[in-house]
Each structure stands twice: as structure tokens, then as C-alpha cells.
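So the structure is just underneath, and the comments pick up after that.
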Amino acid sequence: MKKSLSMKSNRLSNGFDKAAVTYDCHASVQKMASEHLAFLCAPLLEKPQKILDIGCGTGLTTLAFQKYCSDGVYTLCDLSENMIHVAKNKIPNQNYIVGDGERCAFEENYDLGISNLALQWFEDIESFLAKILLKCKYFAFSIPVEGSFAAYKNLFAAKNIPILTYHHWGIDALFSLGERNGDVVRSDFKRYDLFFENVLGAAKHFKSIGAWRMTTPQRQAQIAARLLRNPIKINLNYDIFFMVLESK
Ligand SMILES: C[S@@+](CC[C@H](N)C(=O)[O-])C[C@H]1O[C@@H](n2cnc3c(N)ncnc32)[C@H](O)[C@@H]1O
Numbered sequence: 002m003k004k005s006l007s008m009k010s011n012r013l014s015n016g017f018d019k020a021a022v023t024y025d026c027h028a029s030v031q032k033m034a035s036e037h038l039a040f041l042c043a044p045l046l047e048k049p050q051k052i053l054d055i056g057c058g059t060g061l062t063t064l065a066f067q068k069y070c071s072d073g074v075y076t077l078c079d080l081s082e083n084m085i086h087v088a089k090n091k092i093p094n095q096n097y098i099v100g101d102g103e104r105c106a107f108e109e110n111y112d113l114g115i116s117n118l119a120l121q122w123f124e125d126i127e128s129f130l131a132k133i134l135l136k137c138k139y140f141a142f143s144i145p146v147e148g149s150f151a152a153y154k155n156l157f158a159a160k161n162i163p164i165l166t167y168h169h170w171g172i173d174a175l176f177s178l179g180e181r182n183g184d185v186v187r188s189d190f191k192r193y194d195l196f197f198e199n200v201l202g203a204a205k206h207f208k209s210i211g212a213w214r215m216t217t218p219q220r221q222a223q224i225a226a227r228l229l230r231n232p233i234k235i236n237l238n239y240d241i242f243f244m245v246l247e248s249k
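Letter 131 of the sequence shown, counting from 1, is numbered 132 in my numbering, and no numbers are missing.
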């Protein structure tokens, strides 16, 4: 099923469309976080469930949940048609929605909604949580928080290069947001580190997974030239907050 996209969603989906074929080779953190999210939900997965995966990407999160709930009926939703195409090949015979999970009026109800490392791209997480908890009895998500990618951001700042990224929430603010919209069943925090030879390697990592705000090729070349003069090894720390909410 394909839903029409706004201009902003269209721009975002272009980056993820381009990364669909490279994504799995570079998404070790996304895979580990998917597995941890599924582990946190394990007590909810003992019998077959109807599960909605929002921002499913190439399907790593659904695959992690299938280890606990192989008989579940899964609906996979993503902005990017190419991501859904890859997911469909890996996980056939489920339901698929190409569309904006933040704005989509989901027609059905679900036992569990899940979203691994996708909500950071949403414009209004509060409204989204309020809406999704009317459709899902439980909603489990993970999101990078304040402090993530600190060394990377510092290098851009030191070179006076504006970094185009989404807003990182603090854990306390996210916890309050969760409590306002549902009952908190579980929450957790984990840091995953990725090491690169230089900052350009880290930038290429973001591009390979689609987490890249589009700039012109000339601007990209200028940034690359300035960053290449800085051959320092870099640690890309993903600081990830996990939360499982039950609808009130
Ligand atoms: C970092 S990937 C995570 C994919 C997958 N959950 C995983 O853990 O591998 C983020 C995904 O969210 C999708 N996404 C971003 N905003 C979205 C939105 N508003 N609705 C649906 N999908 C969205 C992107 O297209 C991308 O595939």
C-alpha cells in the first residue's frame, strides 16, 4: 500500500531510498538496538501478536521481534519505497505501507507498535505518541539522545561547519513525554560505539545508512576537503534511550 508524502517527507525518503542497498552492511548499531528493543518487549511477545513496525527500514527490527514472536502478523511501514522493497524480500507475506508513519491514519488496531531509531526524524513526537497509543495497546521505541555523536559534532563545530542534524532529546524530557502519554512499562539506556579512521569515514557511515541531510554536491565536496585535513580517529557514540509504553 502506498500513501502520498509531503514535500519534507519526500526529501527525507530520498536519502533513505538511496541508502537501501548499502544499509544492512553499515547498520550494526541499528541491528543491536533492534535486538535490545525486542528483548525488552519479550514478556509481551509470548503469544502471536499484531505488530506495527514504524520506520521499519530494511526490516532489521521486525526480524529481531520475529525471534520472540514468529507467528505474529507484522505490518511494516516506511517512508522509503526502496527500504520497503528490501524488507519485503527478506520478510515476505506480511503487510507493507509506504508512507509517513507520523501522519498516517492507521486503519487497524495493533497489540504492539514498535519503532527502532526512526522517531528522531519526526517533527512532533508528543502528538505522534498520543495518536499511536490510541491504535496500539503497547508502543516500544528507541531513539538517540543528547550526547550522541559528541566527538563528531565537536569536530564540525571546531571547523565552523554547521551540522545539519535532527534535535536530540534529553532522557528526562523523553521520560516525561512517555509518562504524559502512556504508562511506562520499561525503559533503558545503552551506548554503542563505532570507531572510524577519520571524520570523513563517520560522515560516510551516516550516508550509507541514509541518515544524511541533502546538500549540494559542491557543498559536500567543500565539507569533505575541510574535514580530510583532520586525520584524527573518531568514535561515533550512539547514546540510545529505549522505552516501552502501555496505553492508559
Ligand atoms: C535509521 S533507519 C531505522 C530502520 C530500522 N528500524 C532499523 O532499526 O534498522 C530510519 C528509518 O525510518 C524511516 N522514517 C523516517 N521518518 C519516517 C516517517 N515519518 N515515517 C515512516 N518512516 C520514516 C526512514 O525511511 C528509515 O528507513
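Here a beta-carbon is modelled for each residue, glycine too, at the ideal position from N, C-alpha and C.
Query raised in the report: From what residue to what residue does the alpha helix (DSSP H) around Arg181 run?
Result: Boundaries of the alpha helix (DSSP H) around Arg181: 172-182.
Report task. In the DSSP assignment, find the beta strand (DSSP E) that holds Glu247 and state where it starts and stops. Result -> 235-247
Query raised in the report: Would the C-beta of Gln31 count as close to ligand 1, meaning under 7 Å from any of its heavy atoms?
Result: yes
Query raised in the report: Would you say Phe17 touches ligand 1, meaning its beta carbon is less than 7 Å from a heavy atom?
Result: yes
Report task. Kindly identify the DSSP beta-bridge partner or partners of Thr114. Result -> Checking the sequence shown, residue 114 turns out to be Gly, not Thr. Paired residues: Leu53, Phe140.
Query raised in the report: Helix, strand or coil: how does DSSP classify Arg227 here?
Result: helix
Query raised in the report: Residue ranges of each beta strand (DSSP E) run of no fewer than 3 residues wholly in the stretch 81-125, ordered along the chain?
Result: Qualifying beta strand (DSSP E) stretches, in chain order: 96-99, 111-117.
Query raised in the report: Can the beta-carbon of Ala88 be found less than 8 Å from the beta-carbon of Tyr69?
Result: Contact flag unset, no.
Report task. Consult DSSP for Pro44 and reduce its assignment to one of helix, strand or coil. Result -> helix
Requested in this report: Compare the beta carbon distance of Ile115 and Thr62 with 8 Å and say whether it is the shorter of the two.
Outcome: yes
Requested in this report: Identify which residue in Pro163, Leu135, Phe150, Gln50 has its Cα closest to the Cα of Phe197.
Outcome: Out of Pro163, Leu135, Phe150, Gln50, Phe150 has the C-alpha closest to the C-alpha of Phe197.
Requested in this report: Assuming Lys136 and Asn110 form a contact by the criterion Cβ under 8 Å, report the distance between their Cβ atoms to the nearest whole angstrom.
Outcome: A Cβ-Cβ distance of about 6 Å is found for the pair Lys136 and Asn110, placing them in contact under the 8 Å criterion.
Requested in this report: Could you say which of Asn94, Arg187, Asp54 lies nearest to Asp79 if we only look at CA atoms?
Outcome: Asp54
Requested in this report: Can you give me the Cβ contacts of Trp213 inside the same chain, cut-off strictly under 6 Å, excluding the 5 residues immediately before and after it?
Outcome: Gly16, Phe207
**Report entry** Distance CB(Asn96)-CB(Leu38) smaller than 8 Å
**Finding:** no
Requested in this report: Take His252 as the anchor and find which of Thr59, Arg187, Glu47, Tyr139 has the nearest alpha-carbon.
Outcome: Any question about residue 252 goes unanswered here, given that the chain covers just 2 to 249.
Requested in this report: Could you pull out every residue in the same chain whose Cβ sits closer than 7 Å to the Cβ of Leu134, ignoring the five residues on either side in sequence?
Outcome: Phe140, Asn182, Gly183, Leu246, Ser248
Query raised in the report: Nearest-angstrom Cα distance between Leu13 and Asn94?
Result: 27 Å
Query raised in the report: Is any heavy atom of ligand 1 found at a distance shorter than 7 Å from the C-beta of Phe243?
Result: no
**Report entry** Closer than 7 Å: Ala174 CB and nearest ligand 1 heavy atom
**Finding:** The nearest non-hydrogen atom of ligand 1 is 7 Å or more from the C-beta of Ala174.
Query raised in the report: Comparing the CB of Cys42 with every heavy atom of ligand 1, is any distance shorter than 7 Å?
Result: no
Query - Gln219 versus Gly202 - alpha carbon distance - result: Gln219 and Gly202 have their C-alpha atoms spaced approximately 19 Å apart.
Report task. Specify, as a first and last residue, the run of the alpha helix (DSSP H) that Cys70 falls within. Result -> Taken as a continuous stretch (DSSP letters only), Cys70 belongs to no alpha helix (DSSP H), as it is neither H nor E.
Query raised in the report: Can you round the beta-carbon distance between Gly56 and Ala119 to whole angstroms, since I take them to be within the 8 Å contact cut?
Result: Rounded to the nearest angstrom, the Cβ distance from Gly56 to Ala119 is 2 Å, consistent with a contact under 8 Å.
Report task. For my contact list, Ile241 and Val146 are in at a C-beta cut-off of 8 Å; report their separation, rounded to the angstrom. Result -> Indeed they touch by this definition, with Cβ atoms about 7 Å apart.
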